Each structure stands twice: as C-alpha cells, then as structure tokens.
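Residue numbers (UniProt numbering): 1 to 228. Structure, as structure tokens:
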C-alpha cells in the first residue's frame, strides 16, 4: 500500500469538514433551557375557548357547564400511557383557586401550582414552583422524572403563553366553543406558522359536539421542533 503523506509525518491528516454551528445567542439560550430541564420532554396544553378567545369570566368559565367537555378534559389529562406513572398538571395560582376546594387536587395527577407570591404549597397541591421553568426542572429531578409520564399545562393565560413560546415540541388541545361569551380572560394568540392543525388524533372526537344548546368541537395543534 502506498503510504499517505500524513503517515510519514510530512503533513497533518486532513480534518473532516466543520459542521455548521448555531448562532451564539441561540446556543446560549438552548444551554439555559437545558439547564432547567426544558429540553427533556414535550409539553401538552389543554384549553376551552369561545369565539372571542375567551377562557374565563370572574374566575369561572364564561359558558354554562358542559359535562361531556369536562369529562374529555379529565380523560385526556388523567390517562398515562406508561404503567405505574402519572401525568403532571401545571397551573397558575388563579387557576388552582378557581377549582372548587372539594375537587382539589385534581385526582390521579400530580398538581403543580405556579406562584411568585405564595411562600408555601397551597393546601391540596403537591408542589409549588415560582415559574414554568422551575416546574419543568422539578419534573426532571430524580424525585419525579421516573414517576411522570405526560406534562399538561391547564392555565391560565400567562402559563399558556410561556409554554407556547418554549422551543420544544408542544401540542395544543383546544375545545372550540362555537359561540361568543362575555369574558375577562383570554387565550394567547396562536402562531399558525408554528402550530399546525392535525386532521385527527387518537381519542379526540372529530365531529361537532352539542350540550345544553351549545356546539363545540375538539382540535389538536402541534408544534414540532427539529433537533439541531
């Protein structure tokens, strides 16, 4: 075999072509996100909105109770696909206290409340975190990582917005109430360049539902982040 130039010591072995690198600002951001456990899992958000994007009025839903829609919420957020694990719910303080006390915590799920003002975990809640980042870091800790399957964001507006802006895979489970109701709390604008409407999703009915004279439909949007 004819010796290669670098084998005789006359020159260095050619280096492989350099891989393109991410901009420094994005690399720093991804390192920060990873440091708080955000890149480990995908997120799911679930919400019901009326036609004006309202999600709340005076701490309650803007529309009359829809029993089957609530059952859908319960089923989607409670069902774990891994035996022996539970799903985690992340919610803001106002969302937590809007749940009737007799129903707190939402059973068969790990309830995490976000608040910068509260000093102690609210009665009934399992954990208290100061921010969404802190909650995700908690869920990636040795204490919980092996116990949690899916992560669900259940409100309110600022928590939804923070989740939607994270550079990670994210599904939005949206119940569209096909009427307008007076509201004082609203869902953030969905960026349809990032979030694509899925034509179908397992366990999500495709046809229009109706209860108490109110029609609604279930939609699922997905943001898929390509790993660099």
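Idealized CB from N, CA, C, for every residue including glycine. For clarity, every value in this text was computed on a predicted model and none was experimentally measured.
In the DSSP assignment, residue 168 is bridged to no other residue. By the Cβ test, the stretch 80-94 is in contact with the stretch 141-150, since at least three Cβ pairs between them sit closer than 8 Å. Spatial neighbours of residue 170 in its own chain (CB-CB distance under 6 Å, excluding positions within 5 residues in sequence) are listed in chain order as 43 and 223. Here residue 116 is exposed, its C-beta having fewer than 16 other C-beta atoms within 10 Å. When DSSP states are grouped into helix, strand and coil, residue 130 belongs to the coil group. Under the three-state reduction of DSSP output, residue 121 falls in the coil class, being neither helix nor strand. In the DSSP assignment, residue 177 forms a beta bridge with 216. Contact between residue 225 and residue 153 is ruled out by a C-beta separation of about 16 Å, above the 8 Å threshold. Residue 93 and residue 66 do not touch by the CB rule: their CB atoms are close to 25 Å apart, not below 8 Å. Checking the DSSP bridge columns, you'll see residue 53 has no partner listed.
Looking from the CA of residue 83, the closest CA among 175, 108, 209 and 183 belongs to 108. Here the stretch 45-53 makes contact with the stretch 170-189; the two share three or more CB pairs at distances below 8 Å. Taking C-beta atoms under 8 Å as the contact rule, residue 185 and residue 56 qualify, at a distance of about 3 Å.
Taken through DSSP and simplified to helix, strand or coil, residue 224 comes out as coil. In the three-state DSSP reduction, residue 185 falls in the strand class (E or B).
Under the DSSP assignment, residue 111 falls in the beta strand (DSSP E) whose first and last residues are 109-114. Bounds of any alpha helix (DSSP H) do not take in residue 83, whose DSSP letter is neither H nor E.
By the Cβ neighbour-count rule, residue 155 is buried, with 16 or more other Cβ atoms within 10 Å of its own.
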